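> In full-length UniProt numbering, the protein residues as written are 1 to 281.
Take a look at the structure:
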């Protein structure tokens, strides 16, 4: 039970544009070391959407070290270790691309992915287990990933609970399953073009008394919606249940404050619209 959990935040779409790194070292199931640093991305250039997600700006990293300057601090956590990330494809890819950019050798290591093992978003996992999370802070996300990986090895039933959207967590509340697969593929050909959801990009957050997440997503898809899992400047509507993701609500407010219009619908409003549309479910 020894591994390193990592998380990188990026300044724009290129994965090598690392602007923050968070690392925790785990031995015998306990965090024994932490490392965190802001990183100045090349040209210190940011995409406003990325800043909306993690809150890091060019002013904050203007005097921060570049990735190659912090690599000597990072290397002992990585070389010869088992490295774990939540969505390892992204984080491992970001690290490898940054090393390539600065012409640095990629060390030998093995890696594992908590997202692949759980099929659930990190903030949903923390919510389910009652862990506080400052989401999209690199160190906080790395610590959360480490805790998830420890649980995966302590509770053999844990991955099965997460992969079944109909399972319940302790206390009886439904687990908030990350939407994946065909539900995210729109079906415009068979949808009613007069539907208020037709070709609307829709995000679902929180828990609903009337529907499981997949059930609600399926209804919206039949009405012509394009189901997304994250808030962006292209989002049109957000279905807001109880205990919604705080980071999602924050993004909505930030986008709307900057001239976007993202409509929020609560469960009562959704049911009223469905009744008018004579939706059967």
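Don't be surprised by glycine CBs; every beta carbon is placed ideally from N, CA and C.
If you're wondering where the values come from, they're calculated on a predicted model, not measured in any experiment.
Let me check you understand the geometry: is the CB of residue 188 closer than 6 Å to at least one non-hydrogen atom of the ligand GTP?
Questions concerning the ligand GTP fall outside what the structure shown contains, since it holds no ligand whatsoever.
> Could you name the residues that DSSP lists as bridge partners for residue 21?
The partner list for residue 21 (beta bridge, DSSP) reads 8 and 37.
> Looking at residue 241: is its Cβ nearer than 7 Å to the Cβ of residue 206?
Contact: yes.
> Let me know the secondary structure DSSP gives residue 128 once reduced to three states.
In this structure, residue 128 counts as helix in the three-state DSSP scheme.
> Comparing C-alpha positions only, which one of 14, 13 and 3 sits nearest to residue 34?
The option with the nearest alpha carbon to residue 34 is 3.
> Check whether chain B comes within 7 Å of residue 257, counting only Cβ atoms and requiring the distance to be less than that.
Here there is only one protein chain, and chain B is not present.
> Would the beta-carbon of residue 36 fall within 7 Å of that of residue 55?
Cβ atoms of residue 36 and residue 55: not closer than 7 Å.
> When DSSP labels each residue in this structure, what does residue 2 get in the three-state scheme?
Residue 2 falls in the coil class under three-state DSSP.
> Tell me, which residues are paired with residue 113 by DSSP?
DSSP lists 85 as partners of residue 113.
> Going by DSSP in three states, residue 147 sits in which element: helix, strand or coil?
Helix, per DSSP.
> Can you grab the Cα-Cα spacing for the pair residue 132 / residue 25, in whole Å?
Spanning the two alpha carbons is a distance of roughly 19 Å.
> Measuring straight from C-alpha to C-alpha, what distance separates residue 114 and residue 149?
Going by the C-alpha atoms only, they are around 6 Å apart.
> Where DSSP assigns a beta bridge to residue 95, which residues make up the other side?
Bridge partners of residue 95: none, in fact.
> If you draw a straight line from the C-alpha of residue 98 to the C-alpha of residue 44, how long is it?
The alpha-carbon atoms of residue 98 and residue 44 are separated by roughly 14 Å.
> Please state whether DSSP places residue 75 in a helix, a strand or coil.
It is helical.
> Which class does residue 48 belong to by DSSP, given the choice of helix, strand or coil?
Looking at residue 48 - three-state DSSP - the assignment turns out to be helix.
> So the alpha helix (DSSP H) residue 276 belongs to, where does it begin and stop?
Residue 276 -> alpha helix (DSSP H) spans 267 to 276.
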